[in-house]
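Notes follow once the structure below has been shown.
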Amino acid sequence: MKSILLLMADGFEEIEGITCIDVLRRGGINVVTASLDNLDVCGSHNIIVKADKPINDIDISQFDGVVLPGGMPGSANLRDNEKVIKIVKEMNEMGGLIAAICAAPIVLERAGVIEGKNATSYPGFNNEMGSCTYLEDRVVLDNNILTARGPGVAMEFSFAIVEYLINISKVDELKIGMIV
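In terms of UniProt numbering, the sequence shown is residues 1 to 180.
Here is the structure:
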């Protein structure tokens, strides 16, 4: 079974985080959520979500990829956390999937993993992503780096993760069951 680590910081975009967790689990992917501090994480719209583990208890070698939901100040909190940057760099060295949506691609810029790659983000954050080739596509996959625009494409982003880790047939099956 494939495993994904989804990192949540206070101020994360709930639609992006919860949609991804739900779709991936429906797709048979093990999702472990990790918080930066307390297990209770407050989203950008004041919805409190309980993480599975604190980031200090994470062994990145146990995962096939890492997902970073966006939102503000959640994305800035992820970007400014050295443990998050270390996890993203290690996942890149392992060749695992690194998926970031909305403002979260700023974390990938800080970690140095999108240099020379195609990427996207929420409008306005392109100024903080100078090392990549910035595209305005809804979802962009470049090798092991997956980026997406924002909450309105959370489902599409999640399906792209399932396709990357499993296959398009699984995505088609999910879409039928979810009436997409």
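Note that CB positions come from ideal geometry on N, CA and C, so glycine has one too.
Identify every run of the beta strand (DSSP E) within the segment 17-91, keeping only runs that are complete inside it and at least 3 residues long; order them along the chain.
30-35, 40-42, 48-50, 65-68
How big is the Cα-Cα spacing for Leu108 and Asn167?
When only Cα atoms are considered, Leu108 and Asn167 end up about 25 Å apart.
Beta-carbon proximity of Arg138 to Ser121, cut-off 8 Å
no
Through-space distance from Ile55 to Ala34, alpha-carbon basis
5 Å
Residue interval of the beta strand (DSSP E) (run including Val140):
139-142
What's the C-alpha gap between Val31 and Thr19?
Cα to Cα, the separation comes out at about 12 Å.
So Ile60 packs on Ala154, CB below 8 Å; how close in whole Å?
The Cβ separation is near 24 Å, so there is no contact.
Check whether Ala119 and Lys89 have beta carbons under 8 Å apart:
no
With a CB to CB cut of under 8 Å and the five nearest residues on each side skipped, what residues in its chain are close to Ala76?
Gly11, Ala103, Ile106
Under three-state DSSP, which class holds Ala104?
Of the three classes helix, strand and coil, the one that applies to Ala104 here is coil, per DSSP.
Test item: CB-CB of Ile101 and Gly70 under 8 Å
yes
Residues in the same chain with beta-carbon distance under 6 Å from Lys83, minus the five sequence neighbours each way, listed in chain order, please.
Ile55
Which whole-angstrom value describes the C-beta separation of Pro151 and Glu13, a residue pair presumed to lie in contact below a C-beta threshold of 8 Å?
6 Å
Nearest-angstrom beta carbon gap, Asp64 and Gly43 [assumed within contact, 8 Å]
Approximately 25 Å separates the beta-carbon atoms of Gly43 and Asp64; this is outside 8 Å, ruling out the contact.
Name the two residues that bound the continuous beta strand (DSSP E) containing Leu6.
3-8
On the three-state DSSP scale, how would you describe Leu165?
helix
Please report the Cβ distance between Ala51 and Met8, rounded to the nearest whole angstrom; I am assuming they are in contact, meaning their Cβ atoms lie under 8 Å.
6 Å
Around the Cβ of Met129, are there at least 16 other Cβ atoms within 10 angstroms (buried) or fewer (exposed)?
buried
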